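In what follows, a structure is listed as structure tokens, so that the remarks can point back to it.
In UniProt numbering, the protein residues as written are 1 to 309.
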């Protein structure tokens with residue numbers, strides 16, 4: 001099958017690498033000619049446990065000429081949530097033929113209009129692996145987790161067939177029957193960890209090591225629980241889940257911290273903004289979430305965001 005991955009950051013590179021090892025033709029779509037040249041000259045490299053591995057059957061292509069690689073069996077979108085609409089508009093303008101599409105973003109703003117998409121097969125995914133881009137053709141796999149995915153619209157089950165072929169013990173894939181629940185579970189974690197670590201420039205584990213940070217995170221969790229209507233009897237389990245993720249990723253910086261440090265626009269609107277909009281629809285009063293939203297926007301302004309992606 002021909003698979004195209006839109007988004008050549010750490011996650012896009014990680015997904016491209018492991019899919020290439022399953023015998024598929026995988027194309028990494030980038031918006032930079034220099035990265036296209038680097039990948040095509042050097043292949044795609046992955047670092048894991050101090051070892052370097054080379055990809056197979058990968059080449060890069062600029063997204064501006066995506067119609068040159070049609071037809072596409074599976075299109076995986078790994079760009080930031082605020083870039084999704086631009087990618088979809090580009091696909092529509094170029095009338096690109098795509099059999100199946102998979103979205104892999106933080107937050108949930110990208111699914112607010114997903115029911116209007118004209119693709120016959122649509123799915124969403126959350127990724128729990130840690131990855132850092134070293135250069136234009138090298139990605140460091142820093143933490144082994146899971147890729148969880150779920151159908152919104154099944155179509156011909158192209159995505160299911162692709163993932164059946166991925167057998168690496170270092171890249172576990174699991175299917176979830178309830179796509180909304182899967183995304184909300186990840187949303188809870190992102191809302192509790194990402195904004196606070198970005199505001200204070202912390203590693204994830206520091207939210208647990210400092211009583212005051214942990215108390216702040218607990219208050220965020222309580223407000224998120226109200227918005228998502230998490231039943232009281234289930235809140236202890238969810239809070240334990242959030243703390244467990246903090247512990248397992250204690251030495252990691254959240255993606256929002258990395259965005260702030262590199263002066264990139266964050267996904268705060270897809271995470272916290274989405275929760276605020278949801279609260280407004282239900283006329284639920286929230287105070288902490290707007291504070292976090294404005295705090296991160298202030299941080300972006302302070303750091304001087306250079307790009308929108």
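The beta-carbon is built from N, C-alpha and C at its ideal position, and this holds for glycine as well.
No experiment lies behind these values; they were computed from the predicted model shown.
In angstroms with no decimal places, state the Cα-to-Cα distance between residue i and residue j.
i, j, result
"residue 106", "residue 172", "19 Å"
"residue 191", "residue 287", "14 Å"
"residue 65", "residue 151", "28 Å"
"residue 21", "residue 130", "19 Å"
"residue 298", "residue 156", "45 Å"
"residue 167", "residue 302", "44 Å"
"residue 232", "residue 128", "26 Å"
"residue 282", "residue 126", "26 Å"
"residue 85", "residue 31", "15 Å"
"residue 243", "residue 280", "28 Å"
"residue 145", "residue 89", "32 Å"
"residue 91", "residue 153", "19 Å"
"residue 258", "residue 212", "23 Å"
"residue 266", "residue 87", "17 Å"
"residue 189", "residue 278", "17 Å"
"residue 169", "residue 241", "23 Å"
"residue 300", "residue 248", "27 Å"
"residue 230", "residue 117", "29 Å"
"residue 50", "residue 284", "49 Å"
Identify which residue in the options has its Cα closest to the Cα of residue i.
i, options, result
"residue 56", "26, 246, 68 and 91", "26"
"residue 6", "113, 59, 280 and 296", "59"
"residue 19", "54, 49, 41 and 36", "54"
"residue 175", "119, 197, 208 and 123", "123"
"residue 104", "187, 263 and 62", "187"
"residue 198", "81, 295, 51 and 17", "295"
"residue 133", "93, 47 and 68", "47"
"residue 147", "153, 164 and 136", "164"
"residue 108", "212, 228 and 87", "228"
"residue 52", "67, 17 and 284", "17"
"residue 291", "259, 223 and 261", "223"
"residue 161", "49, 169 and 23", "23"
"residue 261", "278, 285 and 200", "200"
"residue 10", "93, 143, 94 and 67", "143"
"residue 67", "241, 94 and 169", "94"
Closer than 6 Å by C-beta to residue i: which residues in its own chain qualify, once you throw out the five before and the five after it? Chain order, please.
i, result
"residue 194", "254 and 256"
"residue 119", "101"
"residue 12", "5 and 78"
"residue 309", "At residue 309 the pLDDT is 46, less than 50, meaning the model places this residue with poor confidence and gives no usable figure here."
"residue 97", "70 and 71"
"residue 8", "28, 30 and 35"
"residue 252", "130 and 204"
"residue 225", "235"
In its own chain, which residues sit with a C-beta less than 8 Å from the C-beta of residue i, not counting the 5 before and 5 after it?
i, result
"residue 218", "239"
"residue 158", "1, 73, 74, 99, 100 and 121"
"residue 177", "150"
"residue 33", "62"
Leaving aside the five residues before and after residue i along the sequence, list all residues of the same chain whose C-beta is less than 7 Å from its C-beta, in chain order.
i, result
"residue 293", "268, 272, 273 and 276"
"residue 330", "The structure shown does not extend to residue 330, since the chain is modelled only from 1 to 309, so the question has no answer here."
"residue 214", "207 and 208"
Since residue i contacts residue j with CB under 8 Å, what's their CB separation in whole angstroms?
i, j, result
"residue 62", "residue 36", "5 Å"
"residue 305", "residue 264", "7 Å"
"residue 69", "residue 3", "So it is not a contact: roughly 10 Å between Cβ atoms."
"residue 246", "residue 289", "That pair is no contact at about 19 Å."
"residue 28", "residue 141", "That pair is no contact at about 16 Å."
"residue 216", "residue 196", "6 Å"
"residue 250", "residue 204", "6 Å"
"residue 38", "residue 136", "4 Å"
Would residue i count as contacting chain D if we go by Cβ distances under 8 Å?
i, result
"residue 81", "Note that chain D does not occur in the displayed structure, where there is just one protein chain."
Does the distance between the C-beta of residue i and the nearest non-hydrogen atom of the ligand FMN fall short of 7 Å?
i, result
"residue 31", "As far as ligands go, the structure on display features none, and thus does not contain the ligand FMN."
Using 8 Å as the Cβ pair cut-off and three pairs as the minimum, do the stretch 227-247 and the stretch 176-183 touch?
no
For the stretch 111-121 against the stretch 39-51, are there 3 or more C-beta pairs whose distance is under 8 Å? no
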